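Data block below; observations after.
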Amino acid sequence: MYNPKDIIDVIGANVRMTRNPFGIPKFLVNSWHQDLHPPQKGEAMLFTGLMYQFVPYIETSTDYLARFEDSDWSQYLRYARYMPGYLSGLGLALLTPGSQKRKYNAILQNIVRILAASRVSFFYRPELDDYSGVLLYDLGDQDAFVQHARYVAAKLKKAGIRKLITVDPHTTYALKVLFPKYVEAEFDVTPYVELINLHSHNGTRRVTLHDPCFYGRYLAVSDTPRRVLSNMGIDCVNVRNSGSFTSCCGGPAESISPKLSDQIVRKRIDELKSTGEPIVAMCPICLGNLRKAGANVEDLANVIAAGING
Amino acid sequence: MARIETAFIEDMKPFGEDVAAACFNCGTCAAICPLVSDHFPRKIIRYVQIGAKDRILEHSRDLWQCLHCGLCTQTCPRGANPGEIILSLKRYVVANWRRS
Chain A
3 MYNPKDIIDV IGANVRMTRN PFGIPKFLVN SWHQDLHPPQ KGEAMLFTGL MYQFVPYIET
63 STDYLARFED SDWSQYLRYA RYMPGYLSGL GLALLTPGSQ KRKYNAILQN IVRILAASRV
123 SFFYRPELDD YSGVLLYDLG DQDAFVQHAR YVAAKLKKAG IRKLITVDPH TTYALKVLFP
183 KYVEAEFDVT PYVELINLHS HNGTRRVTLH DPCFYGRYLA VSDTPRRVLS NMGIDCVNVR
243 NSGSFTSCCG GPAESISPKL SDQIVRKRID ELKSTGEPIV AMCPICLGNL RKAGANVEDL
303 ANVIAAGING
Chain B
6 MARIETAFIE DMKPFGEDVA AACFNCGTCA AICPLVSDHF PRKIIRYVQI GAKDRILEHS
66 RDLWQCLHCG LCTQTCPRGA NPGEIILSLK RYVVANWRRS
């Protein structure tokens, strides 16, 4: 296990300097929309919170953290906060394979296709799409979270944004629950899954859903993806720990202790595999962590988009 | 030996919900926690109740093993919100680091 203070100091410094936890310049992280040209006008703004875009970088950084955890080298992490965030961020960006970045960008592109096919009126403005700061909150760095959340909320308010469509449970929770509570910023926040209105009777597939903790418990929206899949002709085979009693994938521990994260995800994979059906996730952190441990997992957006195309 | 300071629950108020006093130490949280580690979080909540600040700071690393998954809060029979207590303690410890 790493010293939490070292991790918190590095992440806090990166968010202060670059507005994201890895220090990577935003134009390098947020490129998924460039070839797709999503609508620029509509009722609600698509707000990705950059979480799907971060997953390839999380994989690279946790791979390095796993190599040095509990070794004599781990104590040198404390000096990382003295390195300018954008320098370490550029290094991380160079070490991260393009194929991984394209894989996670494709999920966001599929979400745009799903919203368009569901006739949802939405638009995307990349300059307003920022990281929510939720990791700072989870790590207990409340001052840094509040400071960053104020920055994000003020930008959205200044642009006159009131309705947001989110794509992951962590950003959804931050905007829906934490922003009103801690920075008095109220937005009308809807996860994209709740807006899907697609029907297909061609499918005869069965899948096992891994409910993320923030959808299963904190936001209690586990029924929605099951209904959406059912409308697409896809049945869900539940494991015992699902819905509001879902089991964590271990992802939240991956920066502090990759070993602990690995122990927890392996237990969860065993349970998910027990049904014998393909595993589907709907959170970038869960998806990345389950895949990193060797599970064959697909994102919900890819499954639904395949249904549209098929 | 830990020194008992019942006023500590008051000191914790700026850092989160005031719910630690509701806990009756049944251990449901420790049984359901995916960490299954040394009576976590039951033991550390007991430290809050008796105001064992030194013990909390001594075991502060344990707080960051918490996944914030919410299973303990979902199953707590007293509505003591163990997950929120752990998050409040993280904030307390971070504030302590920043002060020192």
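Listed in order, the protein sequences are those of chains A and B.
When the first sequence is numbered by our numbering, its final residue is 312 and no position is left out of the sequence of numbers.
When the second sequence is numbered by our numbering, its final residue is 105 and no position is left out of the sequence of numbers.
Just so you know, even glycine gets a beta-carbon here, dropped at the ideal spot from N, CA and C.
Predicted model only: the values in this text are computed from it and were never measured.
Beta-carbon proximity check, valine 241 of chain A vs glutamate 196 of chain A, cutoff 9 angstroms: Valine 241 of chain A is not a Cβ neighbour of glutamate 196 of chain A, given a cutoff of 9 angstroms.
Among A/Tyr59, A/Ile13, A/Ala15, A/Ile109, nearest to aspartate 170 of chain A - alpha-carbon criterion: For the set A/Tyr59, A/Ile13, A/Ala15, A/Ile109, the Cα lying nearest the Cα of aspartate 170 of chain A is the one of A/Ile109.
C-alpha gap between leucine 141 of chain A and valine 305 of chain A, whole angstroms: Distance between leucine 141 of chain A and valine 305 of chain A, taken at the CA atoms: about 32 angstroms.
For aspartate 237 of chain A, three-class secondary structure by DSSP: In the structure shown, aspartate 237 of chain A sits in a strand (DSSP, three-state: E or B).
6 angstroms Cβ shell around valine 57 of chain A - same chain, five flanking residues per side excluded: Excluding residues within five positions, the ones whose Cβ falls inside 6 angstroms are Tyr106, Pro286, Gly290.
Bridge-paired residues (DSSP) for arginine 208 of chain A: Answer is A/Asp237.
Complete runs of the alpha helix (DSSP H) confined to the segment 131 to 173 of chain A [at least 4 residues]: Within the segment 131 to 173 of chain A, the complete alpha helix (DSSP H) segments of 4 residues or longer fall at 136 to 140, 144 to 160, listed in chain order.
Span separating the alpha-carbon of asparagine 298 of chain A from that of alanine 255 of chain A: Distance from the CA atom of asparagine 298 of chain A to the CA atom of alanine 255 of chain A, rounded to whole angstroms, is 21 angstroms.
Alpha carbon of methionine 234 of chain A to alpha carbon of histidine 212 of chain A, nearest angstrom: A direct Cα-to-Cα measurement between methionine 234 of chain A and histidine 212 of chain A gives close to 18 angstroms.
For glutamate 300 of chain A, the residue or residues it bridges with in DSSP: In the DSSP secondary-structure assignment, glutamate 300 of chain A is bridged to A/Val282.
Secondary structure of alanine 85 of chain B, DSSP reduced to three states: In the structure shown, alanine 85 of chain B falls within a coil segment according to DSSP collapsed to helix, strand and coil.
Inter-residue Cα distance where the pair is valine 98 of chain B and serine 65 of chain B: Their backbone Cα atoms lie some 7 angstroms apart in a straight line.
CB contact check: phenylalanine 20 of chain B to chain A, cutoff 9 angstroms: Using a CB distance cut-off of 9 angstroms, phenylalanine 20 of chain B counts as an interface residue toward chain A.
Option nearest glutamate 129 of chain A by Cα separation, candidates A/Ser33, A/Ser263, A/Ser246: Out of A/Ser33, A/Ser263, A/Ser246, A/Ser33 has the C-alpha closest to the C-alpha of glutamate 129 of chain A.
Chain B contact for methionine 3 of chain A (CB, 9 angstroms cutoff): So yes, methionine 3 of chain A belongs to the interface.
With 16 other Cβ atoms within 10 Å as the buried cut-off, status of isoleucine 91 of chain B: Classification of isoleucine 91 of chain B: buried, given that the 10 Å Cβ count is 16 or more.
Inter-stretch contact at 8 angstroms, needing at least 3 Cβ pairs: the segment 67 to 81 of chain B / the segment 35 to 48 of chain B: Contact between the segment 67 to 81 of chain B and the segment 35 to 48 of chain B is present, because at least three Cβ pairs lie under 8 angstroms.
Inside the segment 44 to 130 of chain A only - beta strand (DSSP E) runs reaching at least 3 residues: Listed in chain order, they are 46 to 49.
Option nearest phenylalanine 189 of chain A by Cα separation, candidates A/Val239, A/Leu96, A/Ala161, A/Asn199: Nearest C-alpha to phenylalanine 189 of chain A: A/Ala161.
C-alpha gap between leucine 292 of chain A and glutamine 42 of chain A, whole angstroms: In a straight line, the C-alpha of leucine 292 of chain A is about 34 angstroms away from that of glutamine 42 of chain A.
Interface partners of tyrosine 220 of chain A on chain B, CB under 8 angstroms: Close partners of tyrosine 220 of chain A in chain B (Cβ separation under 8 angstroms): Gly75.
Beta-carbon proximity of tryptophan 69 of chain B to isoleucine 9 of chain A, cut-off 9 angstroms: With respect to the 9 angstroms criterion, tryptophan 69 of chain B and isoleucine 9 of chain A are classified as neighbours on the basis of their beta carbons.
CB contact flag (tyrosine 139 of chain A, alanine 176 of chain A, <9 angstroms): Yes; because the gap between Cβ atoms is below 9 angstroms, this pair is in contact.
Beta-carbon proximity of alanine 303 of chain A to tyrosine 194 of chain A, cut-off 9 angstroms: Going by C-beta atoms, alanine 303 of chain A is nearer than 9 angstroms to tyrosine 194 of chain A.
Closest by C-alpha distance to isoleucine 49 of chain B, when choosing among B/Arg96, B/Leu40, B/Asp67: Selected option, being the one with the closest Cα: B/Asp67.
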